[in-house]
Each structure stands twice: as structure tokens, then as C-alpha cells.
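Numbers 1 to 122, taken from the UniProt record's numbering, label the letters of the sequence shown in order.
First the structure, in the form of C-alpha cells, and then the observations on it.
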Amino acid sequence: MFEAINQSPHSGIAYVSTLPIKIPSDFPDVIILAKNFEIKVQSYLDDITWLTDNLENLEQNLKITDDFYQLANIKTNKDKTKLLTKNKSVASTPTYPITFGQDIIVIEILPLKKVLVSWAFI
Numbered sequence: 001m002f003e004a005i006n007q008s009p010h011s012g013i014a015y016v017s018t019l020p021i022k023i024p025s026d027f028p029d030v031i032i033l034a035k036n037f038e039i040k041v042q043s044y045l046d047d048i049t050w051l052t053d054n055l056e057n058l059e060q061n062l063k064i065t066d067d068f069y070q071l072a073n074i075k076t077n078k079d080k081t082k083l084l085t086k087n088k089s090v091a092s093t094p095t096y097p098i099t100f101g102q103d104i105i106v107i108e109i110l111p112l113k114k115v116l117v118s119w120a121f122i
């Protein structure tokens with residue numbers, strides 16, 4: 001499932017990481033390595049996080065996920081799905097309908113600022 005999502009044409013979140021190759025001590029020239037990468041899905045134990053730049057790509061990746069779950073006979077609780085977004089028009093509502101495979105579910109919206117405040121106090 002992860003490989004299928006990572007190979008899909010539907011975009012994830014793009015990151016750029018820069019690292020110094022040579023730490024300047026006696027040498028004034030610093031060489032920086034920049035690495036571009038994209039993350040579409042990550043997991044820890046039984047929690048999965050999908051990362052995309054828009055809802056259409058998210059729904060396409062959720063379709064791949066749902067197809068895999070059906071093939072492997074994996075039961076999931078789609079009602080526990082939540083959406084973390086910085087999109088102000090989506091975040092202005094408490095819930096949002098989204099297509100998760102063959103089902104349309106209504107998910108709770110967590111505005112980005114609310115989650116960051118919660119993380120700061122944990």
C-alpha cells in the first residue's frame with residue numbers, strides 16, 4: 001500500500017532539507033547539500049498519516065489505501081479519521097465530507113493552529 005501511494009502521480013508534501021557537507025573550521029568555503037523529497041504517507045504502529053497538498057490527492061490516496069484494505073481483509077474504523085488542514089475555508093467548518101475508498105465519511109476538522117497549541121502544552 002505504501003509503495004503504491006508513494007509511486008502514485010498524486011502529490012504529497014514537498015520538503016527541502018539542507019545539510020553542510022563540510023563543517024567550516026579552518027576552511028572558509030562551506031559546501032551545502034540540498035535534498036528535495038516528498039512525503040505522501042507515514043505510519044507508526046496502527047496510526048497512518050497521509051500528507052497531500054489538496055483534498056483531491058488525499059481522496060485518491062485513500063482509494064489506494066481502501067483497495068489494499070479490502071484485498072488484505074483489513075478492518076478499519078474510518079469514523080476515527082481526522083483532517084488537519086491549514087486551508088482556511090475547510091478549517092472554518094467543524095466537519096467535512098470526504099470520499100474514503102467506496103465510502104463517503106464526515107470527518108472532524110482540526111485547524112492547524114489548534115493542533116500546534118495542543119502540542120505546545122503536551
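Beta carbons are placed, not taken as given, at the ideal position from N, Cα and C, and that holds for glycine.
Computed from a prediction, not measured in an experiment: that's the story for all the values here.
Do residue i and residue j have their CB atoms nearer than 8 Å?
i, j, result
"T52", "S92", "no"
"P111", "T81", "no"
"F100", "D66", "yes"
"I64", "I5", "yes"
"I109", "P94", "yes"
Starting from residue i, trace the alpha helix (DSSP H) in both directions and tell me its first and last residue.
i, result
"I74", "Neither: I74 is in no alpha helix (DSSP H) and is coded neither H nor E."
DSSP three-state label for residue i, please.
i, result
"N36", "strand"
"S17", "strand"
"V99", "Before going on, a small fix: residue 99 reads as Thr here, not Val. If DSSP states are grouped into helix, strand and coil, T99 belongs with the strands."
"T52", "coil"
Return the first residue and the last residue of the beta strand (DSSP E) that residue i is part of.
i, result
"Q42", "41-44"
Which whole-angstrom value is the C-beta distance of residue i and residue j, which I expect to be below 8 Å?
i, j, result
"D79", "I105", "7 Å"
DSSP puts residue i in a beta bridge; with which residues?
i, result
"residue 131", "This structure leaves residue 131 out entirely; the chain is present only between 1 and 122."
"D66", "DSSP, once it has assigned bridges, lists no residue as partnering D66."
"V106", "P97"
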